[in-house]
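In the order they appear, the protein sequences are chains A and B. Be aware that the first sequence starts at 1, since it is given in my numbering, and climbs by one per residue. Be aware that the second sequence starts at 249, since it is given in my numbering, and climbs by one per residue. Glycine included, C-beta positions come from ideal geometry on N, C-alpha and C. Computed from a prediction, not measured in an experiment: that's the story for all the values here. Here is the structure we will look at.
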Amino acid sequence: MSNNDYIIEVKDLTKQFGSFTAVDHISFEVRRSEIFGFLGANGAGKTTAMRMLCGLSYPTSGAGTVAGFDVRKEGEKIKRHIGYMSQRFSLYEDLTVLENMELFGGIYQVDKKTLRERARHMLERLDFYEERNTLVGSLPLGWKQKLAFVVATIHKPEIVFLDEPTGGVDPITRRQFWEMIYQAASEGTTIFVTTHYMDEAEYCNRISMMVDGKIKALDTPANLKKSFNAASMDEVFRILARDAQRGD
Amino acid sequence: MRGFLKFVKKETLHILRDSRTMLIALLMPVVQILLFGFAISTEVNNVNVAVVVPKWDEQIRQSINKLSSNPYITYKGAIAEHEIDQNLRSGKVDAIVVFAHDFDRLMTQWKQSGNGKAAMQFIMDASNTNTAQAGAGYLNNILAGELMQSNSLVETHMLFNPQMKSAFNFVPGIMGMIFILICAMLTSVAIVREKETGTMDVLLVSPVRPLTIILAKMTPYFILSCINLTTILLLARFVLGIPMSGNLSSIIVVSLVYLLLSLSLGLLISTIAKQQIVALLISAAVMMVPIVMLSGMLFPIENMPAVLQPLSAIVPARWYIDAMRKLLIQGASFGLVLKDFLILVGMTLAVLAIALKNFKDKLE
């Protein structure tokens, strides 16, 4: 990870809602095909920052590029090069596994043949091809979550944004979920993930810690622990969040 | 375009797999038409009538025969004068006919000279004004009808609905209600459901244009409503026997505009509501109540208090129902519903503009 090829570059990005500054001059870079953890307490501004990067929300000031496109002017182009998995489980429960994949493949204009092959490949890897015609609503939550990730990456995006993807699932499924993330990263997809499970932070190549709309720390987990003289990421987070104004 | 069709397919699957909602959407118009057409009716039937007879004679017997053979009247027999109050209070009868003691003589005098003293008295239970008025009308016709006809000052003609069937009146009202229900309520709930489940976020992050999402959402409901329009028109024509004397293409054009208006209202609601239940409540409280109360569907607009009359002008169903009455029942030409049509078009454009603007603002 020593190349200088950045897929996300952000400089002084700010979002204000009235007099409230949700995101306050954040600057950072994300390298191609790294797993970047975007951490912070609830209300720290993670989701707002992420929405700006996805082209869903327009920044008040500052600049940034995602996959080489300007977040201020080229939101529509950004959308074509990213994948997104929202915090709430978000596939259509009344459609089958395959119908969900075909719908989102179609939205991203993956051609039919490629889509079918890819769906088969991805489902077989999860040992789930047999269930392709099952309604998503009847699957257990862990499987839904994994499928949501498969669907979010069906068009092989350069970067995929995961907004607290493992909320509410058991540790084993979380473990399997992270294996999928590693797999995708090893195939060249950059992963931008928010989480508030501090043990998950350890799985990331680099993490940033957001407190009150600002990025207070950004480094590899090992370096962060060293510089804060902490035994775990939990402790690093506690030290950083100690003088937070906003909280849950 | 391919993206659009994919979305239409998706929305259609949502509807098809939610069989309960689809069944309701398709059967509701049928049930309502049949219910209003046959079961519920504003016609007053079975008026319970008793008589008070001081002195029996042939004339009175004839009159009572006429009463008891009339299908609208249920004859309850003769009672004594002091029983009148108790009979009415207990609800045993709705009306009492009190004959004069010299009924025979008075009637003869009326027949010969065309005037004279009152020969009978109708005492009505007016706690239900509707039954009382209709009942008095029936009694008048049955008992005094022949006298009036012999030298009549007025001749009344019931045009367009000679049998006074209340179904004729209800069909346009039901149409005004059903389309709002299906287009506005179901559409807004369907859009808000995606917000609630979080799938809307995923769609908005994708390269699909928001307008495509919305149009695709509306398409199946529009088709569903067109099916309903066909069902209602067929039932109205062949089961209820509504004359449908107006131009069929006028009926369809005005209805399509109303469908678009309802869809736009649904979109507008969906931009306001964050939860399905809120969307449902807004549709019910903000739209259904005014439609039933203010559109002229049940209560004539002219009878409303002066403050409510202008209010009814902003209820879209009022104009649609008015146009449908003219076209379906009176056989009016398009020129006569032009005002209704233009108002509906104007409302559609205004609501659609506000809804789209709201929708775009919410995305920010």
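Grab me the residues of valine 66 of chain A's own chain with a C-beta within less than 6 Å of its C-beta, minus the 5 sequence neighbours each way, in chain order. Non-local C-beta neighbours of valine 66 of chain A in its own chain, meaning closer than 6 Å and more than five positions away in sequence, comprise Ile8, Leu53 and Ile78, ordered along the chain.
CB serine 33 of chain A to CB glycine 137 of chain A, shorter than 7 Å? By the CB criterion at 7 Å, serine 33 of chain A and glycine 137 of chain A fall outside the cutoff.
Going by DSSP, what residue range makes up the beta strand (DSSP E) through lysine 324 of chain B? Unbroken beta strand (DSSP E) run through lysine 324 of chain B: 321-326.
Using a beta-carbon distance below 7 Å, is leucine 56 of chain A in contact with chain B? With respect to chain B, the C-beta atom of leucine 56 of chain A has a partner C-beta closer than 7 Å.
So, does the CB of proline 468 of chain B fall closer than 7 Å to a CB anywhere in chain A? Proline 468 of chain B has a beta carbon lying at 7 Å or more from every beta carbon in chain A.
So, methionine 122 of chain A versus valine 150 of chain A, is the Cβ gap smaller than 7 Å? With respect to the 7 Å criterion, methionine 122 of chain A and valine 150 of chain A are classified as neighbours on the basis of their beta carbons.
For valine 191 of chain A, name the three-state secondary structure that DSSP assigns. According to the sequence provided, residue 191 of chain A is isoleucine. The question's valine does not apply to it. In the three-state reduction of the DSSP assignment, isoleucine 191 of chain A falls in the strand class.
Isoleucine 26 of chain A - containing beta strand (DSSP E), residue span: Start and end: 20-31.
Proline 420 of chain B and methionine 572 of chain B: beta carbons closer than 7 Å? Yes, they are a contact pair.
Residues of the stretch 72-99 of chain A with Cβ closer than 8 Å to any Cβ of chain B, in chain order: Answer in chain order: Glu76, Lys79, Arg80, Ile82, Tyr84, Met85, Ser86, Gln87, Arg88, Phe89, Ser90, Leu91, Tyr92, Glu93, Asp94, Leu95 and Glu99.
Can you list, in chain order, the residues of its chain whose CB lies under 7 Å from that of lysine 303 of chain B, leaving out five sequence neighbours each side? Contacts found: His349.
Please report the distance separating the alpha-carbon of methionine 1 of chain A from that of alanine 152 of chain A. At methionine 1 of chain A, the pLDDT of 37 sits below 50, so the modelled position is not reliable and the matter cannot be decided from this model.
For aspartate 305 of chain B, which residues from the same chain have a beta carbon less than 6 Å from its beta carbon, with the 5 sequence-adjacent residues on both sides left out? Non-local C-beta neighbours of aspartate 305 of chain B in its own chain, meaning closer than 6 Å and more than five positions away in sequence, comprise Asp352, ordered along the chain.
Please list, in chain order, the chain A residues whose beta carbon lies closer than 7 Å to that of leucine 613 of chain B. With chain B represented from 249 up to 612, any question about residue 613 of chain B goes unanswered, as that position is not in the structure.
If you reduce the DSSP assignment to three classes, tell me which class isoleucine 602 of chain B lands in. Helix at isoleucine 602 of chain B.
Can you check the stretch 149-203 of chain A for any beta strand (DSSP E) of at least 3 residues that lies completely inside it and give the ranges in chain order? DSSP assignment within the stretch 149-203 of chain A yields the following whole beta strand (DSSP E) runs of 3 residues or more, N-terminal first: 159-163 and 190-195.
Pick from A:Ala22, A:Ala185 and A:Tyr6: whose alpha carbon is nearest that of valine 211 of chain A? Per the Cα distances, A:Ala22.
Tell me where the alpha helix (DSSP H) around lysine 46 of chain A begins and ends. If you look at lysine 46 of chain A, you'll find it in the alpha helix (DSSP H) that goes 46-53.
Extent of the continuous beta strand (DSSP E) run through aspartate 12 of chain A: Per DSSP, aspartate 12 of chain A belongs to the beta strand (DSSP E) from 6-17.
So, is alanine 561 of chain B buried or exposed, given that buried needs 16 or more other C-beta atoms within 10 angstroms? Exposed, by the Cβ-count rule.
May I have a chain-ordered list of the beta strand (DSSP E) segments no shorter than 3 residues that lie completely inside the stretch 354-387 of chain B? The stretch 354-387 of chain B contains these whole beta strand (DSSP E) runs: 368-372.
Contact list for leucine 141 of chain A against chain B, beta-carbon separation under 8 Å: Close to leucine 141 of chain A, with beta-carbon spacing below 8 Å, lies no residue of chain B; the smallest spacing is near 14 Å.
For isoleucine 35 of chain A, list the residues DSSP reports as bridge partners. In the DSSP assignment, isoleucine 35 of chain A forms a beta bridge with A:Ile191.
Can the beta-carbon of aspartate 609 of chain B be found less than 7 Å from the beta-carbon of aspartate 588 of chain B? Cβ distance not < 7 Å, so aspartate 609 of chain B and aspartate 588 of chain B don't count as in contact.
Shortest alpha-carbon distance to proline 410 of chain B belongs to which of B:Gln578, B:Ile591 and B:Val599? For the residues B:Gln578, B:Ile591 and B:Val599, the minimum Cα distance to proline 410 of chain B belongs to B:Gln578.
Using a Cβ-Cβ cut-off of less than 9 Å, give me the residues of the stretch 7-24 of chain A that come near chain B, in sequence order. Those would be none; no residue qualifies.
Alpha-carbon spacing of isoleucine 462 of chain B relative to glutamate 442 of chain B, whole angstroms: Going by the C-alpha atoms only, they are around 11 Å apart.
What are the boundary residues of the beta strand (DSSP E) that includes phenylalanine 347 of chain B? First-last of the beta strand (DSSP E) with phenylalanine 347 of chain B: 343-347.
So glycine 489 of chain B packs on leucine 575 of chain B, CB below 8 Å; how close in whole Å? Incorrect: roughly 16 Å between the Cβ atoms, too far for contact.
Count the C-beta pairs between the stretch 192-209 of chain A and the stretch 235-244 of chain A that are closer than 8 Å, then say yes if the count reaches three, no if not. Touching, yes.
Compare the Cα-Cα distances from asparagine 42 of chain A to each of A:Ile191, A:Asp163, A:Ile172 and A:Ala184 and report the closest residue. Among A:Ile191, A:Asp163, A:Ile172 and A:Ala184, the Cα nearest to that of asparagine 42 of chain A is on A:Asp163.
Any beta-carbon of chain A closer than 7 Å to the one on leucine 452 of chain B? Closer than 7 Å: yes.
Mind checking the stretch 103-126 of chain A against chain B and listing, in chain order, the residues whose C-beta falls within less than 8 Å of any C-beta there? Within the stretch 103-126 of chain A, the qualifying residues are Leu103, Phe104, Gly106, Ile107, Tyr108 and Gln109.
Quick one, which of B:Val292, B:Asn389, B:Val440 and B:Ala415 has its alpha-carbon nearest asparagine 376 of chain B's? Here the closest residue by C-alpha is B:Val292.
Use the C-beta contact count for histidine 155 of chain A: other C-beta atoms within 10 angstroms, 16 or more gives buried, fewer gives exposed. By the neighbour-count rule (16 or more Cβ atoms within 10 Å), histidine 155 of chain A is buried.
Would you mind reading off the limits of the beta strand (DSSP E) that contains arginine 206 of chain A? 206-211 is the extent of the beta strand (DSSP E) around arginine 206 of chain A.
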